[in-house]
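Student:
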Amino acid sequence: MTDIAGTTIRTYFDAFNAGDTAGMLACLADDVAHHVNEGKVRRGKAAFAEFCDHMSRCYAENLTDMVIFTSPDGTRAAAEFIVNGTYLATDPGLPAAHGQTYRLPAGSFFSLADGKITRVVTYYNLADWVAQVSA
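Under the numbering used here, think of the first position of the sequence shown as 1, with each following residue one higher.
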């Protein structure tokens with residue numbers, strides 16, 4: 001049996017690490033629900049693409065130590081990883097950016113249907129990140 005969910009999630013994160021927003025979007029269902037840490041749910045690929053554009057302006061990130069888990073029926077997945085980043089431009093409401101680096105444990109949860117991601121939820125410790133970029 002092929003692990004379609006695992007392949008989809010690996011493809012999504014490989015695209016993230018390559019800075020390939022189009023590759024990430026190709027893994028998503030048109031009506032994807034994107035639950036961001038400390039933010040409102042964004043719905044649809046256009047909202048997801050806008051979020052990615054914003055993130056690319058403010059942060060340069062690479063994910064390492066990736067572990068992906070999938071449910072036997074392929075409808076759910078999770079990933080645990082380390083975010084290695086540089087804070088490039090001040091994100092409104094957050095500390096001022098001046099090229100600070102950070103290393104932050106994080107995780108994502110996914111729902112999938114027909115080989116596409118229909119829901120992505122990402123969690124990390126915002127207080128930890130603020131402490132790292134404020135030091």
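Beta carbons: idealized from backbone N, C-alpha and C, even for Gly.
#1: Rounded to a whole number of angstroms, what is the C-alpha to C-alpha distance between tyrosine 124 and alanine 33?
#2: Where do the ends of the beta strand (DSSP E) carrying leucine 28 lie?
#3: What is the DSSP secondary structure of threonine 7, reduced to helix, strand or coil?
#4: Give the DSSP-derived three-state secondary structure of leucine 94 in the structure shown.
#5: Quick one: what's got a C-beta closer than 8 Å to threonine 75's C-beta in the same chain, skipping five residues either side?
#6: CB-CB under 8 Å to aspartate 31, same chain, minus the five flanking residues each way: which ones, in chain order?
#7: Leaving out five residues before and five after glutamine 132 in sequence, what residues of the same chain have Cβ atoms less than 6 Å from its Cβ?
#8: Taking DSSP as the reference, what is the three-state secondary structure of glutamate 38?
#9: Answer with buried or exposed for glutamate 50, where buried requires no fewer than 16 other C-beta atoms within 10 angstroms of its C-beta.
#10: Taking its Cβ as the centre, do 16 or more other Cβ atoms sit within 10 Å of phenylalanine 16, making it buried, or is it exposed?
#11: Can you tell me whether leucine 126 is buried or exposed, with buried defined as 16 or more other CB within 10 angstroms of its CB?
Tutor: Quick answer:
#1: In a straight line, the C-alpha of tyrosine 124 is about 18 Å away from that of alanine 33.
#2: DSSP places leucine 28 in the uninterrupted beta strand (DSSP E) bounded by 28–35.
#3: DSSP places threonine 7 in helix when its eight states are reduced to three.
#4: Three-state result, leucine 94: coil.
#5: Around threonine 75: Ala5, Ser111, Leu112 and Ala113.
#6: Within the same chain, and ignoring the five residues on either side of aspartate 31 in sequence, the residues whose Cβ sits closer than 8 Å to its Cβ are Arg43, Gly44 and Thr118.
#7: Same-chain partners within the cutoff: Tyr102.
#8: It is coil, neither helix nor strand.
#9: Taking all protein chains shown into account, glutamate 50 has fewer than 16 neighbouring C-beta atoms within 10 Å of its C-beta and is therefore exposed.
#10: Burial of phenylalanine 16 is indicated by the presence of at least 16 other C-beta atoms within 10 angstroms of its C-beta.
#11: Exposed, by the Cβ-count rule.
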